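Residue numbers (this note's numbering): 144 to 265.
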Amino acid sequence: MLASPAYQKQCLTSPVQPSIIWGCGFSVIHVLQGAPISPGLFALNCGLLYTYHALQCPMEALHGRRSLLHNIAAGGLVGAWGVQQGLLGVPFASPAFFFRMSLRLLVTCHRTDCYAIALPRL
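Now the structure itself:
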């Protein structure tokens with residue numbers, strides 16, 4: 144049962160190790176792109192990854208099952224907060240690039256697959 148205390152404990156503790164591992168990886172990528180090495184960068188990457196996973200636990204308990212929508216909602220919340228705080232941006236590209244190019248996003252769906260394509264404004 145997803146709402147049981149045992150499952151919630153497991154749900155909140157199991158993402159600790161993967162968050163640290165992937166947080167280290169993303170920190171290395173940031174440093175390679177020119178960011179200064181700092182404990183704050185490591186903590187931000189690990190913390191946001193853990194938060195992404197932890198936000199899904201109550202959603203799973205409420206709905207009684209895991210869902211792709213939980214991933215989308217958790218990622219959207221963490222991403223929106225990070226961008227509003229100026230902590231996150233588009234990886235491997237400066238956000239200024241997208242502002243200079245005035246790109247718009249075209250989302251198209253074919254059967255069950257959806258694609259996002261950046262198009263220049265005319």
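Glycine included, every Cβ here is placed at the ideal spot set by N, Cα and C. Only a predicted model underlies this, so the values are computations on that prediction, with no experimental measurement involved.
For residue i, which residues in the same chain have their Cβ closer than 7 angstroms to its Cβ, ignoring the five residues on either side in sequence?
| i | result |
| --- | --- |
| L231 | G222 and G225 |
| S170 | L184, F185 and N188 |
| L155 | A197 and C200 |
For the alpha helix (DSSP H) containing residue i, name the first residue and the last one.
| i | result |
| --- | --- |
| P176 | The sequence as given places Gln at residue 176; Pro does not occur at that position. Run containing Q176: none; DSSP gives neither H nor E here. |
| A216 | L211 to Q227 |
| P182 | P182 to H206 |
| Q155 | Reading off the sequence shown, one finds Leu at residue 155, where the question assumed Gln. Element bounds for L155: P148 to T156. |
Under 7 angstroms between the Cβ atoms of residue i and residue j?
| i | j | result |
| --- | --- | --- |
| A146 | A204 | yes |
Keeping to the same chain, check which residues put their C-beta closer than 6 angstroms to that of residue i; ignore five residues upstream and five downstream.
| i | result |
| --- | --- |
| L265 | Low confidence applies here, because L265 scores a pLDDT of 44, under 50, leaving its location unreliable and the question unanswered by this model. |
How would you label residue i, buried or exposed, when you count the other beta carbons within 10 angstroms and need 16 or more for buried?
| i | result |
| --- | --- |
| L212 | exposed |
| I172 | exposed |
Contact check, residue i vs residue j under 8 angstroms by CB: the rounded distance?
| i | j | result |
| --- | --- | --- |
| C192 | S157 | For the record, residue 192 in the displayed sequence is Leu; it is not Cys. About 13 angstroms separates the two Cβ atoms, so there is no contact after all. |
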